[in-house]
Structure formats: C-alpha cells, structure tokens
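Read the structure below first, then the notes.
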Amino acid sequence: MLIIVQRTSLAGLRQPENQVTAVQPHFSHSESKIPIDNVDHSDVSIASPFLPKGSRPNLKPIPIAKLGGPWNMDLVVEDTPSVAHYERLDSEFRDHFVGPVPKDFFRELLPKAMASMPHLHSSVVGALAQFNSMGEERLLCRTFHKQTSPYLGEGFRLAANNSPGISYYSEHPQHDESALFQDNKDLTVSRDLETSELHFEVKVSVSDDPFRDHNPLLRTRASHHFLKSGPDHAIRRGQLIAYATDACARQHRQFYYSVLICHHRARIIRWDRSGALVSESFNCSDAEGIALLGDFLWRFTHAPPAARGWDPTVLAASREDESAFAQHPVLEEWYEDGSVAKIFVWDPEKERILEFLVSRAVVSPLSMVGRCTRGFWALDKATGSVVFVKDTWRVCGMEPEGNIIQRLLDHKVRNIPELHSHGDVLDGNHGFQHTWTQQYVNDYSCGRNPQILRYTHYRLVSKTVGHSLANAPENSRQLLTATRDAFEALSDAYNACGLMHRDISIGNIIVDRVSRKGILIDWEMAHEFRGSSARTCTRSGTWQFMAHELLRKPKRPHLPYHDIESFFWVVFYATILWFASKLDVKCVQDLIHDLFDEHKLDPFEGAVTGGRHKRVALIDDDCVNCTHLPPTSILYAWLKKFRVLYLRLDTDLFERPTVEKTFEIFDEAWRTLLKDESQTTENRFVRKALTIETHESDIVPIATHQSGSFSPKADIIPSPTSLPTRPFLQTADLPGIKYPSTAPLLNNPLKR
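The sequence shown: position 15 = 277 (the numbering used here), numbered continuously.
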C-alpha cells in the first residue's frame, strides 16, 4: 500500500485561453536562438503523458481524512510487486549507477536561486538531531517534513505519510513515503506519480542504504564495490529504480531527482536515460548536512521547470485544442479526458517548430534507461491531419531514423512510413536535450567503467498511422497479406540501399488505417550489409523473433537471411495465438516457452543464448503439424512452404543463392499462395488469457500472449496489447536485443 499526494490530470493545468505558449519567429539556420525560449515558464503548466489505461498499475483509491497537515492525501492500495521484480530491475540497471559523486554535485546542475535561502535556525539542528534516537520511519518523515518545509520555494509543498502501519513497497512493517509536488489550488486528486516533482525514500536504518561510499585511503575506485551485495540491498535499489521509472513513464521528462534517507544519512540521486548519479552519503541531522539538503531543495524549488527535469517542449493544451482533439472522428478513441498536451517538434530542414496535439500514449517506456520509446496518435495543428509521433532517445553517433527513412523513400522503397518531419528535441536553452550521466563515468564510477552511452532526445513524425498485427488482421489471409507487404519493404530496402532492418517482429509491422497495407516500421536499427560493414554488423532484434543462428551464436554477424527467418516466427507466433483454435492453452504455453522464450547465459559465449528448439523446429515438419490446422488452410500451406524454402538457405547441403535471388524466391512463393483461392481462410478468434507469469517490465511491452479484442483503444504501436501484459525485454550486443523478461541481461545499456 502507499500514501501519496494526489493531483489532477490536466484539468488544473491548462494554459490561459489567450496565452501565447511559444513565440515562433522565423530565424535562419545560422541563428542559435531557439523560439521555445520565449515561453514564460512561470505561467505555463506542464503536461503529463498518461499511460494507456490498460498499462497503469491496479490502483484502488480509498479516501481518507487529511492526516494532521495541509496535505491532500488518499490511501492507495496497490498490488505489491514481487521480490523478483525488484531484483530483476536491479540486475538490469546495476551497471548504470555512477557514484559516489560529490554530495554537492547538484550545484553544477541546478542554478543558484536569486532569493536568499532562509537562515538555518538552531532549533532545526536540534530537531534533526533527534534522528539518532528515532526507530520508526513515520517519525523520521514527520521530523523531516517539519524541518525542511522552510526550504521549499513558493508554490511547493512536501507531502508526507504520517499514518501508522501503512507501507509503500516496503520490506518493513511501517514504511513512509514522501513526495514533493508543485502546488496548485485547482488540482484534484490523481493516484500515482504523474505529478511528482521530487521523490523521497525514507528508511529506518543506516544499514538499509544499498550503496557503499568509497574511501580513497583504503582502496582505489577501480577496486571499490559501490553497490552493496545481497538480496535485501538489490530489492532496495529495485524500489528506487521502480519509483523513478514510474515517474518518468508518466511524465514528459528529461531527468528526475530523488532523495534517499536512511535514518540520519541522505543521498541525492539524479536519473536520466543513461543511468543514475548517486551522491556521497551525508549526515542530514547536523548543521552542515541540513544546510546542504536545504540548499538542494531551495535551488530545486526555485529552478525553472526545465532545470527540474521537465521537458519544456510539452505543454498542456488549451480547452479549444483539447476539444478539437476529442471531437476528431479518428482520434476520439485515443482521447483521455484532461490529458491532451501540445508537443513541439523542431524541424531543422524547414527551420521551424511544428505543433502537435497528443493524448493517451499508445506505447510508453517502462524502462529508466535506453531509447525509452513512446508513441502517440496525434493531430497536426497546422493541417488538421492525423499523424503518428514517435518520441525516443537515440544513441548519439547513430544515424537518426528519419534520415534512414528518407533515404528509403528517395529510393522508392514500398510499404514504409511516410515521413512528415523529425529532429532532436530542444532543451529551451539554445541546445538539444541529452543525457548527462555518462559525463561522470570516468571520474566517479567504481569497479570497471560501465559502458554508459550518451542519448539525445529525438522525435519522428510519420504521416502513416496504423494498428499493429495484434489488432488489425481479422483473418489469416489479411495476416499473410500484411506480412508480405512488410517483406516487400525489406526486399526493396536491401535491393535499393543495401539495408537490413534487423528487428523484424510482430510489433514492427502495422496495418495502415487508410490503405490497409502492411507497413514495416522502426528502422532505427537498420544497418548496411554491403561493403566492409557487412561482417561487423552484430545481432539485433526482438528475442522471440530472431533467427535461431543469431540466438545460438551471438558473435555471428547479422545477415539478410536472418531477417527473412524472422518473418516465419512472426507468422507462426500469430498462428498459434490467434488462428490455431484447436490448440489448448497448455500447448500454446509450451510452444511459446520452448520456441520463443528459450534462453540461458552461456559462460563460454559471455552472452545470452537460445534458439536450439527453433533450429529443431525448422528441420522437423512437426513444427507445422502441431498447429492442427487443416491441410487446406492457407496458413498451413504458407508455413510448410516457407519452412522448406528457408531450410535450403540454412543448410550446407545446398548452395545458397544470392540475397537478391533469395528475396525473389520467397516473394514469388508468397504471391502464389495468396492468389490461390482454393486455400481456406481462418477467422481470428479470441483465446482465453494464458496463465503465464506477467511482469511490469522496465522495457516497452512488445507483445503479449493472448488474443484480445480488435479495438484500437487496446492497440499499442509498435506493440500489440492484451492482458496479461507480458513484455519482451531489450538489451544489446550492439545495438539492441529485446529479451524475454526472465532472461539474464547483458551488460550493455542499449535498451528500448
């Protein structure tokens, strides 16, 4: 259970009707001035992105009275995440903690407030000295709230839980949570971290600190272990990661701050998409410590929104804009009351800022680090047309996806998204938003230097909008037509540009809402095969749909025929979930476990491996027969034909044809089958939810093991949606692999 301050969605965060939110004068490419700077942040509200309703935690509000203070609180009962969930979060994030950094590192990042900080009164020190004798977290919270309130800027309040016996993801019987929010008298309650400005985690004992400071007199940083070992400490770090992840998933943020207090010791933590900076521990019960913490709070609450981590290019929409979005016949299904926001996209080619209205995100990041992609069906304010906005963090040094798509469009590649605009996201201060954690690695990381990459915030707007394969195809012929369209895109991309997609998956094929053609999306991992780069191209993709050779031999280069094999697994996956009606739930579970989720950490390869069952399935015809589809079925015929054709590529008994010829062979076979009217077509059916362990993954949900309704409301792009949510995880050898949620992950930080 948790106690949390509540506020509205955007109902209390609207802009004044006549307020100009951003001045957009024309300026030349040589000018460094960014129009968004002209926004008066003091009068502008910050929007919250809002996860899809189906993606939110199962929260049940229980109103309670105010608890002895000016804090508007509700008791929120939430299913407690499993210990394994926190341990997994820690396992995936542990190489992204950088520290200990100096305890005053925030002074480099937060501007000094113009207003003078209140003088430290002796009574404050005396009260905080009581920390040494307190043994309950609720008493620590009460004292902390009382003595730090003077250091909050106007318009902020510290809300603390002082209700005994209430826990928040705690391993202790009594656990208190504090959160700092921007004050707004018009705000009503909301039940999560959508509006959190700053988060405090309070522990009862110094020994609860999951980090260990470095003593230069005893050892070097290279030999120091900053993260304490043991399951209890892993769980505590997992809690910290979960809170920061949730706040950033529900808000439009560049970064986020939190404070960890373990009895009388405190640490300040700064989170971004590269990792987390963790400060040295300091005594917050003496004059020096409270002055330091007070300085942090004073600077934080007097800083502009962008300096507090908010994305200045996302603003709350006016009532007029919200009405336009809600009443649009295409977008009404993606509208959530009070959650419409205005997103600005900088188009460097046109040298102007474009405005789009968005509401409920159709895919949201559940990871704290990596690309953290989210997507929106959006309304172009300039034209009134419906577009798709992809918001992500791209790895610096890699070619932006928009450039790749434009190159494909220039070469007349079929069945790919039609590009509207794209560009890096402005930071509101004559530059672009990027991560900072990586800049502290060389000086402050302990142990071996982690591979923490620099990410830049990036947005791509597509004129192509559609629904994923999890929702759009109503029968097997439509499924094969959509996948063949995507196969044409793959073939054209190779023949025209020498590019491999490297992430063929069920989530990266959508059906265009207008043309109903299959569209191959998400080209950010595309890599050129021709020339010297061919053999340096490492494996990439979504684990469940990757070629068996790449799963078994992770050091093998990613080749074009690996992408071709992925199409077989996409169709086979869809078949057993949505069209093989004679398969019982247990059989489907076993197939998914053996064929799609198989993985192990291979100490000899130094990587996660799998794919043994996939290899056997391609050799053995039982793979197709186990679907119990009739021989006259078009799906049965396609699976049989594809398996035979691919087996010829996959064995040394036959001479492998050229890549161009290979594409021709598969395309002709595909075309012939679709023309054969004698083959029967299976209608899609709704399968009972599978009892597979679910995870609220820290990575974007890529697919789920259930056949659900076909309503666009439940759709996720690029991810299918159904319940239970069972996401695939992504890590990377370079540049990225989405793994099963239970897989041990590699130490490379490239994640979605």
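Where is the CB? At the ideal position from N, CA and C, for every residue including glycine.
Is there contact here, the region 551–570 with the region 646–666, by at least three beta-carbon pairs under 8 Å? Here the region 551–570 makes no contact with the region 646–666; the two share fewer than three CB pairs at distances below 8 Å.
Original post:
What does DSSP give as the partner residues of L863 in its beta bridges?
Top reply: V870.
Self-check item: For V625, the nearest candidate out of Q701, A744 and F638 (CA to CA)
Solution: The option with the nearest alpha carbon to V625 is F638.
For this session: Give the secondary structure of G556 by DSSP, where H, G and I count as helix, E and B as strand, and everything else as coil.
Result: DSSP places G556 in helix when its eight states are reduced to three.
With the cut-off set at 8 Å, would you say H487 and G709 are in Cβ contact? Result yes, Cβ atoms of H487 and G709 sit closer than 8 Å.
inquiry  = According to DSSP, simplified to helix, strand and coil, what is F694?
reply    = Per DSSP, reduced to three states, the secondary structure at F694 is strand.
Return the bridge partner residues of D534 from the DSSP annotation. Partner residues in the beta bridge of D534, as assigned by DSSP, are G537.
Can you tell which of L742, Y518 and F866 has its C-alpha closest to the C-alpha of L935? L935 has its Cα closest to that of L742, out of L742, Y518 and F866.
* **Three-state secondary structure assigned by DSSP to A528** => Residue state, collapsed to three classes: strand.
Contacting residues, own chain, Cβ-Cβ under 8 Å from L351 (five flanking each side not counted)
Excluding positions up to five away in sequence, the list reads R499, G500, I503, A504, T507 and D960.
Between the CA atoms of A842 and S895 - distance to the nearest angstrom: Taking the straight line from one Cα to the other gives about 11 Å.
Open item on the list: DSSP has A578 in a bridge; who is on the other side?
Closed with: In DSSP, A578 forms a bridge with A603.
* Asked: If you draw a straight line from the C-alpha of A749 to the C-alpha of V540, how long is it?
  -> Note that residue 749 is Phe in the sequence shown here, rather than Ala. Roughly 46 Å separates the two Cα atoms.
**Start-end ranges of the alpha helix (DSSP H) lying completely within the region 693–777, minimum 4 residues** = Counting whole runs of 4 or more residues, the region 693–777 contains the alpha helix (DSSP H) stretches 703–706 and 738–759.
Next item on the list: Return the CA-CA distance between A511 and E456, expressed in angstroms with no decimal places.
Entry: Here the alpha carbons of E456 and A511 stand approximately 8 Å from one another.
> With 16 as the cutoff for other CB atoms within 10 Å, does D686 come out buried or exposed?
Replying inline: With a threshold of 16 other beta carbon atoms within 10 Å, D686 meets it and is buried.
**Message:** Going by DSSP, what residue range makes up the alpha helix (DSSP H) through E680?
**Reply:** Unbroken run through E680: none, as it is neither H nor E.
task = Using the DSSP secondary-structure output, state which residues sit across from D609 in a beta bridge.
result = For D609, the beta-bridge partners assigned by DSSP are R614.
Requested in this report: With a threshold of 16 other CB atoms inside 10 Å of the CB of M630, please say whether the residue is buried or exposed.
Outcome: By the neighbour-count rule (16 or more Cβ atoms within 10 Å), M630 is buried.
Taking just the CA atoms, how far does A758 sit from H673? A straight-line Cα-Cα distance of about 6 Å links H673 and A758.
ask   = Is it buried or exposed for F473, if we count other Cβ within 10 angstroms and need 16 for buried?
value = In this structure F473 is buried. Its beta-carbon is surrounded by 16 or more other beta-carbon atoms within 10 angstroms.
Exposed or buried, what is S491 when buried is set at 16 or more other beta-carbons lying within 10 Å of its beta-carbon? Here S491 is exposed: its Cβ has fewer than 16 other Cβ atoms, across all protein chains shown, within 10 Å.
- [ ] Return the CA-CA distance between A623 and R570, expressed in angstroms with no decimal places.
- [x] Those two C-alpha atoms are separated by around 23 Å.
Here's a check: name, in chain order, each residue in its chain whose Cβ is nearer than 6 Å to the Cβ of F947, leaving out the five neighbours to either side.
Taken in chain order, the residues that qualify are S843.
Problem - Bridge-paired residues (DSSP) for K652 - result: According to DSSP, K652 bridges with G637 and L722.
Looking at C-alpha atoms only, which residue of A744, Q701 and L731 is the closest neighbour of D534?
A check of alpha carbon separations from D534 across A744, Q701 and L731 identifies Q701 as the nearest.
For F367, is the classification buried or exposed, using 16 other Cβ atoms within 10 angstroms of its Cβ as the cut-off for buried? F367 is buried by the Cβ-count criterion.
key: Residue environment, A484, which counts as buried when at least 16 other CB atoms sit within 10 Å   = Classified as exposed, A484 has fewer than 16 neighbouring CB atoms from the shown chains inside 10 Å of its CB.
(request) Report the residue from F858, L821, H820 and K817 whose alpha carbon sits nearest the alpha carbon of W831. (result) That would be F858, whose Cα lies nearest to the Cα of W831.
>> Quick test of the definition: if touching needs 3 or more C-beta pairs under 8 Å, does the region 711–727 touch the region 677–694?
In response: Judged by Cβ distances under 8 Å, the region 711–727 makes contact with the region 677–694, as three or more pairs qualify.
Beta-carbon contacts of T697 that lie in its chain and below 7 Å, excluding the five residues immediately before and after
The beta carbon of T697 sits closer than 7 Å to the beta carbons of D534, R535, S536, R716 and Y717 from its chain, once the five residues preceding and following it are set aside; these are given in chain order.
**Q.** Supposed contact pair A565 and P574 - C-beta distance, whole angstroms, cut 8 Å
**A.** Cβ atoms of P574 and A565 stay farther apart than 8 Å, at about 12 Å.
Item to complete: Give me the Cα-Cα distance between F260 and Q740, rounded to the nearest whole angstrom.
Response: Here the chain covers residues 263 to 1014 and nothing more, so residue 260 does not appear.
Item to complete: Please work out which residues of its chain come closer than 6 Å, Cβ to Cβ, to S385, disregarding the five sequence neighbours upstream and downstream, and give them in chain order.
Response: With a pLDDT of 46 at S385, under the threshold of 50, the modelled position of this residue cannot be trusted; read the value that follows with caution. Taking S385 as the centre and dropping the five residues before and after it, the same chain places no C-beta closer than 6 Å to its C-beta.
Q) In this structure, does DSSP put L1028 in helix, strand or coil? A) Residue 1028 is absent from the model: the chain starts at 263 and stops at 1014.
Exercise. Do the CB positions of Y706 and P662 come within less than 8 Å of each other?
Worked result: It is not a contact, given that the beta carbons lie outside the stated cut-off.
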